[in-house]
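Heads up: take any position in the sequence shown, counting from 1, add 1, and you land on the working numbering.
Note that the Cβ used here is the ideal one computed from N, Cα and C, for glycine as well.
All figures in this text were calculated on a predicted structure; none of them were measured in a lab.
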Amino acid sequence: MKRLCYFVNSDWYFDLHWTERAIAARDAGYEIHIISHFIGEEIIKKFKTLGFICHNVSLVAQSFNMFVFFRAFLNARKIIKEINPDLLHCITLKPCLIGGVSARRSNSPVVISFVGLGRIFLYNTVPMRILRALTVLVYKYIAGNKRGVFVFEHDKDRRKISRLVGIDYHKTIVIEGAGINPDIYKFS
Numbered sequence: 002m003k004r005l006c007y008f009v010n011s012d013w014y015f016d017l018h019w020t021e022r023a024i025a026a027r028d029a030g031y032e033i034h035i036i037s038h039f040i041g042e043e044i045i046k047k048f049k050t051l052g053f054i055c056h057n058v059s060l061v062a063q064s065f066n067m068f069v070f071f072r073a074f075l076n077a078r079k080i081i082k083e084i085n086p087d088l089l090h091c092i093t094l095k096p097c098l099i100g101g102v103s104a105r106r107s108n109s110p111v112v113i114s115f116v117g118l119g120r121i122f123l124y125n126t127v128p129m130r131i132l133r134a135l136t137v138l139v140y141k142y143i144a145g146n147k148r149g150v151f152v153f154e155h156d157k158d159r160r161k162i163s164r165l166v167g168i169d170y171h172k173t174i175v176i177e178g179a180g181i182n183p184d185i186y187k188f189s
């Protein structure tokens, strides 16, 4: 059975926005793995009921602590190697950086999903400019993975990141939105 591994900052975010996609992939024959910071047992129980395999990584979305990030980086890379997914789908900034580097090093297929650019690309303070420069360097490295694809919710984000990182435009996709089911949520 092929393995699809999602890597995302927060369990609640995945539950809210990505569960239906994971169910569709499961129904298409994939074994689903989710690497995330699981806060409580409720979501883990739900995912296990759906047949998903959960892996906890202490990744704090809003933290700038490099020691915490480095520990999460090492832990997540170990988990990714153990899973050895046929496709790694990284969602949100830190998982994209960690998973993207891991996939580049092993020349593995990876989807890097930008669900917005976040504070690093929004604010212009000195610390944010330093983090932005480091982030862009890492994305340049990740973009060298010939088996990687970059997915954006908005063309404006795609243009900005493509310009900063130098991503081949043909390795990018815009999905125009957050994947809301229009059969449930009607435009008004």
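Quiz prompt | CB-CB length for H38 against V61, believed under 8 Å | solution = 7 Å
Quiz item: Hey, quick one: how far does the alpha helix (DSSP H) through T126 stretch, first residue to last?
Solution: First-last for T126: undefined, no H or E at that position.
Self-check item: Helix, strand or coil at G117 [DSSP, three-state]
Solution: coil
Exercise. Determine the DSSP secondary structure at G101, reduced to helix, strand or coil.
Key: helix
Quiz item: Are the beta-carbon atoms belonging to I113 and V9 less than 7 Å from one another?
Solution: no
Quiz item: Pick from F122, G30, D158, S64: whose alpha carbon is nearest that of R4?
Solution: G30
Exercise. Quick one: grab the DSSP three-state call for S59.
Key: coil
Exercise. Determine the direct distance from the alpha carbon of K49 to that of I24, and round the result to whole angstroms.
Key: 12 Å
Self-check item: N-terminal and C-terminal residue of the alpha helix (DSSP H) that K3 is part of
Solution: No alpha helix (DSSP H) contains K3, which is instead part of the beta strand (DSSP E) from 3-11.
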